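K.L.:
Using UniProt numbering, read the sequence shown as starting at 1 and increasing by one per residue.
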Amino acid sequence: MTSIAIWDCTTCPAANIDFLQQITKNTKTNKMKIFAFSENSENVPMQLFEMQNILDVIIRFGEMALFDIVSDVITSIRSIKEVKCIYLATNNIQYWITPIETIKPSEVQAFTALSQQEFNEIISFSFLDLKKYKYNRWSGEKQIVNPIKPQKLNQPQQIPEEEEEFVDDMQLQEKEAESDHFSQNEEEETVLDSNIIEEEEDMENEINDSKNSFNSSGDIKPLVSIENEQIIDLRSPAPAERSTDLISRSSPLHSISQTPRRDGDTFTIPHEFQALVESMKAVGKAMIPMNALIEEYKKTCSQLGTGDQNLLNVIQKASDQGFVIFDSTINYIRFRDRKISFSKINYE
Numbered sequence: 001m002t003s004i005a006i007w008d009c010t011t012c013p014a015a016n017i018d019f020l021q022q023i024t025k026n027t028k029t030n031k032m033k034i035f036a037f038s039e040n041s042e043n044v045p046m047q048l049f050e051m052q053n054i055l056d057v058i059i060r061f062g063e064m065a066l067f068d069i070v071s072d073v074i075t076s077i078r079s080i081k082e083v084k085c086i087y088l089a090t091n092n093i094q095y096w097i098t099p100i101e102t103i104k105p106s107e108v109q110a111f112t113a114l115s116q117q118e119f120n121e122i123i124s125f126s127f128l129d130l131k132k133y134k135y136n137r138w139s140g141e142k143q144i145v146n147p148i149k150p151q152k153l154n155q156p157q158q159i160p161e162e163e164e165e166f167v168d169d170m171q172l173q174e175k176e177a178e179s180d181h182f183s184q185n186e187e188e189e190t191v192l193d194s195n196i197i198e199e200e201e202d203m204e205n206e207i208n209d210s211k212n213s214f215n216s217s218g219d220i221k222p223l224v225s226i227e228n229e230q231i232i233d234l235r236s237p238a239p240a241e242r243s244t245d246l247i248s249r250s251s252p253l254h255s256i257s258q259t260p261r262r263d264g265d266t267f268t269i270p271h272e273f274q275a276l277v278e279s280m281k282a283v284g285k286a287m288i289p290m291n292a293l294i295e296e297y298k299k300t301c302s303q304l305g306t307g308d309q310n311l312l313n314v315i316q317k318a319s320d321q322g323f324v325i326f327d328s329t330i331n332y333i334r335f336r337d338r339k340i341s342f343s344k345i346n347y348e
């Protein structure tokens, strides 16, 4: 059987590899795979690079290191029949829920600086048995591996006067070059801004001319003649609309009503969704199966005296309002903001 260790050196830093040595010692498996990643290579202990010569270790660093290591983990388990345990050291537990569900280990030992409550809220979205998750508090604080001795700080190296003058001249030349470069960049930006403004004005004039030309009925041509006469000139394309303008007009985020409204720990939701919200809170799960919700919804409607309502229609309206998510492929529903399930609700 194989165990996997995943170490996020950015959110769970350490000056050494005691964490890995301890779990390797305690793991009673035939093989251990180690995956480490960090945004900056300086956060990865040097001992970990040396371990690559004797153990199965993969290290990634950079802005996309997290996603690279997720891909490495999923790829490596294809040849593994069974994973005994995953040792996960990170504060970004939410990114690993889906990969862990794919691997289906017998146990997950999580090491994190998050509180127990925050950890439980995150793993509540997992379809994996929550009893398999074990919480461990991360305590491996980052320290300086080779601190500089104080006596060395009190003995600065003496620099000859000639070298000192040379260094001062070099620094002065660098400052002058930076000043010239900065002023040149300002001039280029000014010219670029003026060019952009001129292009936008030309584009608006062309649009106005085209609108005026369509007002006359003589310019309307049959579809066949338009297809025959239309020519696309690829040599001088018109300036494209700015992406910010397109997003502001077409993004669905601007059309969704801000429901529910939140005031501190209290949410305000339309009264027509009271039976649905109370039913989902009564079930008490992050991901609620439809068969459980239907039974609870009937009880809640009876208690509130609202009469039988079409549950699917109510869910569709609530989904349009933007505070529930319904997946018809697996027949599960959940709150978009999970804090609704344990917060006070005002119905209006």
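Cβ coordinates follow ideal geometry from the N, Cα and C atoms, glycine included. The structure presented is a predicted model; accordingly, all values stated were derived computationally and were not measured.
Between CYS12, LYS31, ILE23, which lies nearest to PRO45 when the distance is taken from Cα to Cα?
P.N.:
The residue you call residue 45 lines up with position 45 of the sequence shown. PRO45 has its Cα closest to that of CYS12, out of CYS12, LYS31, ILE23.
K.L.:
Could you please give me the residues that DSSP links to ILE58 through a beta bridge?
P.N.:
As a first step, residue 58 must be located in the sequence shown, where it is residue number 58. Answer by DSSP bridge pairing, in chain order: PHE35.
K.L.:
Taking Cβ positions, are PHE125 and MET287 nearer each other than 8 angstroms?
P.N.:
As a first step, residue 125 is located in the sequence shown; it is residue number 125 there, counting from the start. As a first step, residue 287 is located in the sequence shown; it is residue number 287 there, counting from the start. Taking 8 angstroms as the Cβ cut-off, PHE125 and MET287 qualify as a contacting pair.
K.L.:
Between ILE58, ASN313, ALA89, which lies nearest to SER76 when the distance is taken from Cα to Cα?
P.N.:
Against the sequence shown, residue 76 aligns to sequence position 76. SER76 has its Cα closest to that of ILE58, out of ILE58, ASN313, ALA89.
K.L.:
Helix, strand or coil: which one does DSSP assign to MET320?
P.N.:
By one-based count along the sequence shown, residue 320 stands at place 320. In the sequence as displayed, the identity of residue 320 is Asp instead of Met. Reduced to three states, the DSSP call for ASP320 is helix.
K.L.:
Let me know the secondary structure DSSP gives LYS134 once reduced to three states.
P.N.:
To locate residue 134, count along the sequence shown from 1; it is residue 134. Reduced to three states, the DSSP call for LYS134 is strand.
K.L.:
So who's on the other strand from VAL83, going by DSSP bridges?
P.N.:
Working through the sequence shown from its first residue, we reach residue 83 at position 83. Answer by DSSP bridge pairing, in chain order: THR2.
K.L.:
Following the continuous alpha helix (DSSP H) through GLU278, name the residue where it begins and the one where it ends.
P.N.:
As a first step, residue 278 must be located in the sequence shown, where it is residue number 278. Looking at the DSSP string, the run of the alpha helix (DSSP H) that includes GLU278 is 274 to 283.
K.L.:
From GLU50 to GLU278, what distance separates their C-alpha atoms?
P.N.:
Here residue 50 refers to the residue found at position 50 when the sequence shown is read from its first residue. Here residue 278 refers to the residue found at position 278 when the sequence shown is read from its first residue. Looking at the two C-alpha atoms, the distance is approximately 56 angstroms.
K.L.:
Using DSSP with H/G/I as helix, E/B as strand and the rest coil, what is GLU296?
P.N.:
Residue 296 sits at position 296 when you count from the first residue of the sequence shown. Three-state DSSP puts GLU296 in a helix.
K.L.:
Which residues in the same chain have their Cβ closer than 8 angstroms to the Cβ of TRP96, if we skip the five residues on either side of it in sequence?
P.N.:
Numbered from 1 along the sequence shown, position 96 holds the residue referred to as residue 96. Correct list, in chain order: ILE6, VAL70, LEU88, THR90.
K.L.:
Could you name the residues of the same chain whose beta carbon sits closer than 6 angstroms to that of SER106, not counting the 5 residues immediately before and after it, in chain order?
P.N.:
Here residue 106 refers to the residue found at position 106 of the sequence shown. Taken in chain order, the residues that qualify are LYS84.
K.L.:
Taking DSSP's pairing of strands, which residues face VAL314 in a bridge?
P.N.:
For this step, residue 314 is matched to residue 314 along the sequence shown. DSSP, once it has assigned bridges, lists no residue as partnering VAL314.
K.L.:
Just to confirm the assignment, what range does the beta strand (DSSP E) spanning GLU42 have?
P.N.:
Sequence index remark: in the sequence shown, residue 42 carries index 42 (1-based). That residue, GLU42, is in no beta strand (DSSP E); it is neither H nor E in DSSP.
K.L.:
Cβ of ASP337 within 7 angstroms of any heavy atom in the ligand NAD?
P.N.:
This structure lacks the ligand NAD; in fact it carries no ligand of any kind.
K.L.:
Which residues bound the alpha helix (DSSP H) around ILE93?
P.N.:
For the purposes of this step, residue 93 is identified with residue 93 of the sequence shown, where counting begins at 1. Looking at the DSSP string, ILE93 is not in any alpha helix (DSSP H), and its letter there is neither H nor E.
K.L.:
Out of curiosity, what's the CA-to-CA distance linking residue 353 and ARG334?
P.N.:
Because the chain is modelled from 1 through 348, residue 353 falls outside the range shown and cannot be assessed.
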